[in-house]
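Count the sequence shown with full-length UniProt numbering and you get residues 1 to 844, in order. In what follows, a structure is listed as structure tokens, so that the remarks can point back to it.
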Amino acid sequence: MSEHPTDTTETAEPLSAHAIQDKWQQYWAQNDTFRAGGDEDERPRKYILGMFPYPSGDLHMGHAINYLYPDIVARYWRHRGQNVLNPIGWDSFGLPAENAAIKRGADPREWTYKNIEQHKAGFRGYGMSYDWTRVLHTSDPEYYRWNQWLFLKLYERGLAYRKKSAVNWCPNDQTVLANEQVVEGRCERCGAEVVKKKLTQWYFKITDYADRLLDDLDALEGHWPHKVLQMQRNWIGRSHGADVDFRIEGRDEPVTVFSTRPDTLHGATFFVVAPDADLAAELAAGSSAEVRMRFQDYLEKTQKESDIERQSTDRPKTGVFLERYAINPVNGERLPIWAADYVLADYGHGAVMAVPAHDQRDLDFARAFDLPVKIVVDTTVAGGANEGGDLAELDPATTGTALVGNGVMTGSGDLDGLEKADAIARTIERMEQAGTGRAAKNYRLRDWLISRQRFWGTPIPMLHLQDETVVPVPEDRLPVKLPSVEGLDLKPKGSSPLGAAAEWVRTIDPATGEPALRDPDTMDTFVDSSWYFLRFLSPNSDQFAFDPAEAKRWAPVDGYFGGIEHAILHLLYSRFITKVFFDMGLIDFQEPFSNLVNQGMVLMDGSKMSKSKGNLVELSDLLAQYGADSLRLALAFAGPVEDDKEWNGVSLSGAHKFLARVLRVGDETSSPVGADAATGDVTLRRITHRLLADAPGLVEQTKFNVLVARLMELVNGIRKTIDTGAGAGDPAVREAAETVAMMIETIAPHTGEELWARLGHEPSVSAVPWPDADPALLVDDTVTTAVQVNGKVRATLDVPADISDADLEAAARADEKVQRALEGKEIVRVIVRAPKIVNFAVKG
């Protein structure tokens with residue numbers, strides 16, 4: 001099919017797939033066919049889930065392929081005797097709804113829930129096997145009440161806190177962003193260039209779980225895509241080294257610096273502070289008026305730069321000398337302190353010791369400002385990075401190239417001659433004895449910034465009292481509901497619109513009866529999606545976020561499907577919250593998703609489909625033209641799950657014609673229900689039973705395109721038997737047709753149901769158990785033997801699998817091609833390995 005381009009002008013044939021589609025969708029709805037079994041259901045449980053959608057308009061091809069794959073798997077496991085949970089919900093808070101509401105002058109609730117209804121209709125029309133009794137919307141108070149409960153639990157455990165710091169600010173959306181939501185210096189939602197801004201915000205202390213989040217990835221190898229695991233490892237970014245305390249002249253408290261190479265302390269020649277770190281402003285305050293002015297100008301310039309720009313290696317180094325000095329704890333040397341933008345305020349402690357001989361960025365800065373460069377690692381020794389070189393000729397002060405890599409210490413007192421690991425260990429030991437440093441770990445991961453200055457999100461359940469203390473809203477007062485938008489201006493303006501909802505903001509502290517103000521910010525919508533898979537287990541409960549007993553029965557999720565764009569944000573946050581729930585004793589597992597599948601995108605002329613590019617194909621248009629099954633089959637056949645699919649290579653017309661052939665098989669099969677297939681055509685039965693044996697592996701390895709190809713092969717075998725073999729009354733035809741009905745139901749469910757009915761069975765085929773393959777039919781009755789003469793193949797023979805050596809040699813000698821190859825030659829030796837090979841060794 002996929003070799004034919006899609007003909008978007010062709011209209012589906014009249015008996016339309018639509019009549020069949022409507023018939024079976026009505027049956028499923030009336031019979032609640034896909035509702036997961038309850039406590040009384042003793043079947044093994046299987047939880048299959050697609051990452052829930054955002055309700056932005058109509059469903060499109062991205063949705064079509066994203067949600068097709070988990071639906072195939074869910075339907076397959078029902079055939080395998082599992083009690084399957086396959087729910088659907090909507091990630092319905094967030095900026096797109098709010099921005100759309102602002103544009104239309106409407107309530108974001110209206111836009112959101114209208115789109116959800118459109119999505120629901122689209123999913124039903126697409127034939128999804130969802131448990132419709134478990135639907136959730138994160139913008140329902142019944143859901144976000146439990147977001148607030150989660151916030152309070154984290155607050156109780158010291159994992160939710162508030163602080164003032166430089167944050168990522170999107171000037172377009174007028175809200176803060178977590179580090180993970182900034183991509184190459186721009187807002188991942190709107191693409192605006194992100195700037196730094198100092199605000200007091202709420203954070204979740206995900207860094208407390210950094211080691212577990214990193215180390216537990218090892219257990220997911222082979223179950224999650226390796227690329228995703230590596231992305232998370234890189235994002236967490238654990239480094240081992242030391243915290244080193246530097247005394248600052250004129251300051252009582254030392255400044256702590258993290259370094260992965262404390263062994264190079266003797267090579268430190270200056271000290272660098274991030275301009276936007278509080279320490280820089282403090283140090284500049286003690287400098288001359290000229291320096292204070294220069295520093296302020298530099299700070300303002302730095303705040304307009306992205307972290308990506310600041311850390312670029314190809315931009316000139318800039319900085320301001322603060323007229324202050326740090327004291328090197330290992331040798332007492334005075335190190336001039338500079339503010340420079342290549343150091344970030346949230347790396348380590350916002351300051352670094354600069355060792356220019358062995359760090360390229362430090363070297364570039366030293367050369368720009370004529371600062372000393374001191375070599376303390378000799379990389380020219382045996383095994384060193386510059387083995388056999390001349391250290392004087394390699395001096396970074398003149399070459400401009402830092403000496404990095406292996407070597408031994410030099411110019412470092414009693415560390416001289418030690419290799420890196422030994423020198424680091426000894427340095428840390430000395431610092432710990434002197435009280436000037438200690439072994440430490442550092443992480444790229446930063447705490448999760450959850451405050452958002454927008455209306456359409458979960459209100460943060462905290463109260464601000466008159467004495468400026470902040471206290472939690474009692475659990476029995478949850479949910480803190482969003483107010484009406486009437487009279488509110490939702491346009492972004494740097495502070496949350498909720499702050500202007502005077503009647504909502506002003507409240508009473510239940511504990512004291514004193515006036516209080518509600519927190520005006522809302523939560524990052526990734527809080528909503530960090531635990532939603534558990535809410536599906538108790539979606540209608542007003543007693544708890546989820547029932548721990550249900551979590552024990554169903555979770556973790558057995559198969560989770562979604563795009564790789566969520567590799568860091570959603571998946572990392574879900575893993576964090578899962579571990580918190582584990583520590584609270586609510587669940588008995590520490591990873592939310594046992595298996596993860598990332599699907600590719602549907603492309604149009606090589607580009608991702610999007611409204612902005614005008615290349616979006618709406619699902620509703622294709623359902624109206626071809627019906628659900630043709631689209632489902634064509635997408636399943638389009639290529640491997642993880643690959644991107646070019647839309648012009650997806651053949652809906654080919655899929656439509658194949659499904660029509662499938663249904664004709666049901667109309668023509670004439671053997672009675674229950675006919676003994678053992679009396680039927682053996683060749684067809686072999687094709688059927690090989691597919692029965694192979695298909696489970698194909699589904700479980702998500703090789704859906706191969707499964708479709710094998711189903712086509714089986715339908716061709718049925719057609720051949722009907723047309724040129726024993727005919728439509730052959731019991732093997734019925735066995736094969738029933739197998740097609742069961743298997744194709746996973747991909748084209750309406751066709752599967754209809755075929756099953758036309759074969760004389762009661763519905764629903766979705767509950768039909770997967771038959772066992774007959775082992776006897778999996779063994780080839782004939783094999784192909786290669787006949788060689790002096791090692792060269794001269795003929796091939798189809799022979800019985802149990803043929804004897806003697807009979808195989810006789811058959812080979814009788815073959816005309818072999819006789820011609822042997823003519824006039826003397827046979828020296830005959831090697832026979834029945835049933836695989838015969839080799840005649842000849843001469844002459």
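Where a beta carbon is used, it is the ideal one built from N, C-alpha and C, also for glycine.
Open item on the list: By the three-class DSSP mapping on this structure, what secondary structure does Q788 have?
Closed with: strand
Task: Residues bridged to S165 (per DSSP) - done: L199
Open item on the list: Given this structure, state the Cα-to-Cα distance separating V838 from I831, to the nearest angstrom.
Closed with: 6 Å
Open item on the list: I need the DSSP call for R829, collapsed to helix, strand or coil.
Closed with: strand
Open item on the list: Can you tell me which residues form a DSSP beta bridge with R238?
Closed with: Y443
Task: Cβ-based burial, C170 [other Cβ within 10 Å; buried from 16] - done: buried
- [ ] Note down the Cα distance separating A801 from G38, rounded to an integer number of angstroms.
- [x] 50 Å
Open item on the list: Checking the sheet assignment: what are the DSSP bridge partners for N99?
Closed with: The partner list for N99 (beta bridge, DSSP) is empty, contrary to what the question assumes.
Open item on the list: Suppose only complete runs of 3+ residues qualify. What are the beta strand (DSSP E) ranges in the stretch 228–286, listed by chain order?
Closed with: 238–248, 255–259, 270–273
TODO: Please list, in chain order, all residues of the same chain as R446 whose beta carbon is under 6 Å from its beta carbon, the five residues on each side excluded.
DONE: N179, D346
TODO: Quick one: which unbroken beta strand (DSSP E) runs of 3-plus residues sit fully inside the stretch 503–569? Chain order, please.
DONE: 506–508, 515–518, 559–562
Open item on the list: Taking a contact to mean a Cβ-Cβ separation below 7 Å, would you say H349 touches T264 in this structure?
Closed with: no
Open item on the list: For a test of the three-state rule: what should DSSP assign to K481, helix, strand or coil?
Closed with: coil
Task: I827, buried or exposed, once every other Cβ within 10 Å from all chains shown has been counted against 16 - done: exposed
- [ ] Below 8 Å on the Cβ atoms is my guess for R444 versus G237; work out the distance and round it to an integer in Å.
- [x] 3 Å
- [ ] Keeping to the same chain, check which residues put their C-beta closer than 6 Å to that of T8; ignore five residues upstream and five downstream.
- [x] Here the model assigns T8 a pLDDT of 36, short of 50, so the residue's position is not dependable, and the following value carries that caveat. Closer than 6 Å at Cβ, skipping near neighbours: no residue.
Task: Residue(s) in a DSSP beta bridge with N598 - done: G562
Task: Per DSSP, cross-strand counterpart(s) of N179 - done: Answer is none; N179 lacks a bridge partner.
Task: Sufficient close CB pairs (3 or more, under 8 Å) joining the stretch 138–158 to the stretch 468–487 - done: yes
Open item on the list: What would DSSP say about P225, mapped onto helix, strand or coil?
Closed with: coil
Task: Spatial distance of G405 from V381 (CA atoms) - done: 12 Å
Task: Three CB pairs or more closer than 8 Å across the stretch 705–722 and the stretch 788–795 - done: no
Task: Alpha-carbon spacing of V167 relative to L199, whole angstroms - done: 7 Å
Open item on the list: Mapping the DSSP letters down to three states, classify E10 as helix, strand or coil.
Closed with: Low confidence applies to E10: its pLDDT is 40, below 50, so where it sits in the model is not reliable, and the reading given next is rough at best. Coil, per DSSP.
- [ ] Keeping to the same chain, check which residues put their C-beta closer than 6 Å to that of T138; ignore five residues upstream and five downstream.
- [x] D91, S92, F93, D528
Open item on the list: Would I65 and L635 qualify as a contact pair, given that the criterion is a beta-carbon distance under 7 Å?
Closed with: yes
Open item on the list: How far does the beta strand (DSSP E) with E323 in it extend, from its first residue to its last?
Closed with: 320–327
- [ ] Verify whether the separation of the beta carbon atoms of V244 and P225 is less than 7 Å.
- [x] no
TODO: For the beta strand (DSSP E) holding H689, just list the boundary residues, first then last.
DONE: First-last for H689: 682–700, but that is the alpha helix (DSSP H), not the beta strand (DSSP E).
Task: Closest Cα partner of V818 within the set I803, V787, L808 - done: V787
- [ ] Output the distance between the C-alpha atoms of L371 and V330, rounded to the nearest integer angstrom.
- [x] 20 Å
Open item on the list: DSSP three-state label for H18, please.
Closed with: helix
Task: Rounded separation between R157 and N648 - CA only - done: 53 Å
Task: Coil, strand or helix - I206 by DSSP - done: helix
Task: Completely contained beta strand (DSSP E) runs for the stretch 727–795, where each covers 3 or more residues - done: 782–789
Open item on the list: I need the DSSP call for I837, collapsed to helix, strand or coil.
Closed with: strand
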